[in-house]
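*Asks:*
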Amino acid sequence: MRRVHFRKLDSHRIPVLQLYKSILRNTLHLTLPQNDVHTLRTEITEQFKAGRNSMAIIKTKYLLQMAQVWSTHIYNAVRDPKSESLNWIKARMIEQKQQREYECRIQQDKNITKPTRPTGEALVNVQRRSTYTVFRHRMLRSYQKSGRISAKSELDETYLNSVLIPEFMERKAEQKLQRRRAIETGSPQSARIVYIPTPIGTFYFLRYPPKKMKRNLASLIHNHIHTNKMAQIDQLKGLIKLAEYEAQWEYDLEQGSSGGQQQLDALKREWLAPISASIKGINSSVWKRGHKNEIYLSTLLMRKKQKDRIYQGIHERKLKKWKQYDQEREKDPLRFLMHYNVRNAM
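Here the sequence shown is numbered in my numbering, starting from 11 and rising by one per residue.
1) With 16 other CB atoms within 10 Å as the buried threshold, where does residue 50 fall?
2) Nearest to residue 331 by alpha carbon, out of 286, 194, 178 and 157?
3) Look at the alpha carbon of residue 231 and the alpha carbon of residue 238, and state the distance between them as a whole number of angstroms.
4) Helix, strand or coil: how does DSSP classify residue 127 here?
5) With a cut-off of 8 Å on the beta carbons, I'd call residue 257 and residue 246 a contact; round off their distance for me.
6) Between residue 160 and the rest of its own chain, which residues show a CB-CB distance below 8 Å, the 5 nearest in sequence each way excluded?
7) Using a Cβ-Cβ cut-off of 7 Å (strictly less than) and excluding sequence neighbours within five positions of residue 216, which residues of its own chain qualify?
8) Look up residue 297 in the DSSP assignment and say whether it is helix, strand or coil.
9) Would you be able to state if there are at least three C-beta pairs under 8 Å between the region 137-150 and the region 172-192?
10) From residue 317 to residue 175, what distance separates their C-alpha atoms?
11) Among the residues of its own chain, which have a CB less than 7 Å from the CB of residue 343, if the five just before and after it don't count?
12) Taking buried to mean at least 16 other C-beta atoms within 10 Å of its own C-beta, is residue 149 buried or exposed?
13) I think residue 253 touches residue 285, with their Cβ atoms under 8 Å apart; what is that distance to the nearest whole Å?
14) Along the alpha helix (DSSP H) that carries residue 357, what are the first and last residues, could you check?
15) For residue 81 and residue 114, I'd like the C-alpha separation in whole angstroms.
16) Is the separation between the beta-carbon of residue 335 and that of residue 199 shorter than 8 Å?
The structure is reproduced here in structure tokens:
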């Protein structure tokens with residue numbers, strides 16, 4: 011019974027849980043052997059657990075019907091100990107155990123007959139073949155789309171494998187290199203200060219280029235701060251009624267019926283003064299936080315300058331690397347040879 015609890019349950023789940031707990035409680039009155047009672051309780055609990063996590067409102071009707079069937083069987087077993095109304099439980103548990111053992115044997119056979127994965131040089135060869143196959147399909151698809159060929163059979167396999175596919179792979183690698191070069195030799199990256207208006211003032215933070223900002227991040231921050239602010243105000247407004255009662259009680263104890271309405275109003279104003287000041291402070295916290303915001307913003311600006319200097323240094327190193335790459339490529343006498351196999355052969 012300890013495995014079934016009322017923690018975090020919706021209202022439509024509670025009747026199901028109450029019925030199951032009463033069924034488990036009734037199993038204690040059975041005159042069956044202790045092992046059979048334990049098996050029965052386990053079966054009931056497991057059936058309830060199977061539907062507890064996904065217990066929708068529509069499913070509660072089925073669970074209640076199943077619980078009533080259990081209740082009927084247990085009632086008959088308690089009333090007539092010689093009845094065989096619960097013998098099918100034991101047979102079902104044995105059948106489930108045999109099924110699990112059979113599935114374990116099948117899984118073990120699959121693990122034994124599973125082929126070993128290639129490693130080392132064999133793995134490298136498999137990766138090369140798969141890459142070659144991918145580029146082959148891409149090239150044939152591009153040739154068919156451009157209208158150079160109408161069918162794959164129009165190309166000779168020897169010419170395809172020795173000339174076209176290697177040149178296609180080389181061209182794609184060159185395009186990838188040029189895209190990377192355009193990105194790295196462009197304008198240097200820089201940090202950016204993001205400004206988000208909120209009910210308690212402007213909220214800003216430093217965003218670095220590699221990290222993308224979610225599209226709805228500004229609205230999430232705004233709504234979170236607004237929700238917290240309204241929750242604080244609602245909590246303070248809830249204290250206003252209590253403060254009025256406190257003022258009335260103090261007036262009745264000290265003044266009695268001798269004081270007038272002005273004295274009562276003065277006591278209420280005295281009790282409500284700190285609450286009103288707190289609400290006013292929350293609504294006007296922008297002006298109170300002005301000095302702190304200036305210090306925080308100046309710190310962000312200082313960190314932004316530091317980050318920009320780092321990004322500028324990274325950009326200069328990348329430009330130097332590409333300049334060295336161009337110088338080495340100009341000295342290479344084989345750069346004018348177009349064929350991929352000729353360059354590799356030499």
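Backbone N, C-alpha and C fix where the C-beta goes; we use that ideal spot for every residue, glycine too.
*Replies:* Reading off the structure:
1) buried
2) 194
3) 11 Å
4) coil
5) With 8 Å as the limit, residue 257 and residue 246 do not qualify as a contact, their Cβ atoms being about 16 Å apart.
6) 154
7) 201, 203, 310, 313 and 314
8) With a pLDDT of only 48 at residue 297, under the threshold of 50, the placement of this residue in the model should not be trusted, and no figure is reported.
9) yes
10) 44 Å
11) none
12) buried
13) 6 Å
14) The structure shown has nothing for residue 357, since the chain only spans 11 to 356.
15) 34 Å
16) no
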